[in-house]
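Student: Residue numbers are given in this note's numbering: position 192 of the sequence shown equals residue 401, and the series is strictly consecutive.
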Amino acid sequence: MLTVHHLNNSRSQRILWMLEELTFDYKVELYQRRPDMFAPDELKRVHPLGKSPIVEDANSDGERVVLVETGAICEYLIDKAAGRLGPSAVMGNQLRYRQFLHYAEGSVMPVLFALLVVSQVPLLGGLAVRRVRPLLDIHLDHIEHELSSRDWFAGDEFTAADIMMSFPLEAVKTRGWLGARRSTITWLNRIHARPAYVRALEKGGPYVFAR
Ligand SMILES: N[C@@H](CCC(=O)N[C@@H](CS)C(=O)NCC(=O)O)C(=O)O
């Protein structure tokens, strides 16, 4: 059976949510972050990177596969689900879908990660925050603009692009950096109301970003 190696309060919550949306059978192996927030060493026994999410599955030839990178795992699951949660046939939706699927980890997370790191540095960190925060705001303004004209990132249908965008935006809101961006807040409320999202929280255990 497909297994998700899930670290508490982490990006892998998205994979649990996606599996719930697809109503796939799967098993969850739970790992707890160490006090320094890094993953425990056991995860390195599953994959040398030791980061979460990691998915183990048997491919169509019955061979064991070990997958890392949330976006790649999403694409793998969409293939396995014969295209469900992928984009509709509308060309504009397909392009937006592909862009936001990669944008979450490729553009937003690096800036957010930098901000999280510098905001914890005493004294000089304050100066760095003033340099990095505007870089994050560029992304948040872009996202707010995109969501002001439609319900979901790709178009009028919920897709895996929404799942990918959830983690950075939840983390931003939890930190108090989202401000009064109404369309983004409405979108967050919309994803949190999905039954599959709620079921995934029960599977993954406490998740501080679901507020
Ligand atoms: N871009 C990767 C990032 C993976 C990643 O950094 N995961 C974090 C969880 S939010 C992790 O495992 N952190 C613990 C550590 O680095 O030890 C992905 O999306 O899968």
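The beta-carbon is built from N, C-alpha and C at its ideal position, and this holds for glycine as well.
Suppose only complete runs of 4+ residues qualify. What are the alpha helix (DSSP H) ranges in the segment 350 to 388, listed by chain order?
Tutor: Runs found: 369 to 383.
Student: Do Glu265 and Val277 count as a contact pair if the criterion is CB distance below 8 Å?
Tutor: Taking 8 Å as the Cβ cut-off, Val277 and Glu265 do not qualify as a contacting pair.
Student: Using the three-state DSSP reduction, which class does Asp288 fall into: helix, strand or coil?
Tutor: Residue state, collapsed to three classes: helix.
Student: Examine ligand 1 and report whether any of its heavy atoms sits within less than 7 Å of the Cβ of Pro262.
Tutor: It does: the Cβ of Pro262 is within 7 Å (strictly closer) of some heavy atom of ligand 1.
Student: Considering Cα atoms alone, identify which of Met373, Glu229 and Lys253 is closest to Arg305.
Tutor: That would be Met373, whose Cα lies nearest to the Cα of Arg305.
Student: Would the C-beta of Arg220 count as close to ligand 1, meaning under 7 Å from any of its heavy atoms?
Tutor: For ligand 1, at least one heavy atom lies less than 7 Å from the Cβ of Arg220.
Student: Quick check on the burial criterion: 16 or more other C-beta atoms within 10 angstroms. Buried or exposed for Pro377?
Tutor: Flag for Pro377 reads buried.
Student: Could you tell me if the beta carbon of Leu336 falls within a distance shorter than 7 Å of some heavy atom in ligand 1?
Tutor: No, the beta carbon of Leu336 sits no closer than 7 Å to any heavy atom of ligand 1.
Student: Check whether the Cβ of Gly259 lies closer than 7 Å to any heavy atom of ligand 3, and answer yes or no.
Tutor: Inclusion of ligand 3 in the displayed structure is not the case, the ligand content consisting of ligand 1 alone.
Student: Any chance the CB of Phe247 is under 7 Å from a heavy atom of ligand 1?
Tutor: Phe247: yes, Cβ under 7 Å from ligand 1.
Student: Is any heavy atom in ligand 1 found nearer than 7 Å to the beta carbon of Leu397?
Tutor: No, ligand 1 has no heavy atom inside 7 Å of this Cβ.
Student: For Arg273, which beta-bridge partners are listed by DSSP?
Tutor: In DSSP, Arg273 forms a bridge with Ala267.
Student: What did DSSP end up calling Lys236 once you bin it into helix, strand or coil?
Tutor: Strand.
Student: Just list the residues that DSSP pairs Leu216 with in beta bridges.
Tutor: Its beta-bridge partners are Tyr240.
Student: So, helix, strand or coil for Leu332, using DSSP?
Tutor: Leu332 falls in the coil class under three-state DSSP.
Student: Verify the contact flag: Val237, CB atom, against every heavy atom of ligand 1, threshold strictly below 7 Å.
Tutor: Incorrect: Val237 has no Cβ contact closer than 7 Å to ligand 1.
Student: For the alpha helix (DSSP H) holding Leu321, just list the boundary residues, first then last.
Tutor: It spans Met318 to Val327 - the alpha helix (DSSP H) in which Leu321 sits, taken as one unbroken run.
Student: Output yes or no for whether 8 Å exceeds the beta carbon distance between Ala419 and Met227.
Tutor: Cβ atoms of Ala419 and Met227: not closer than 8 Å.
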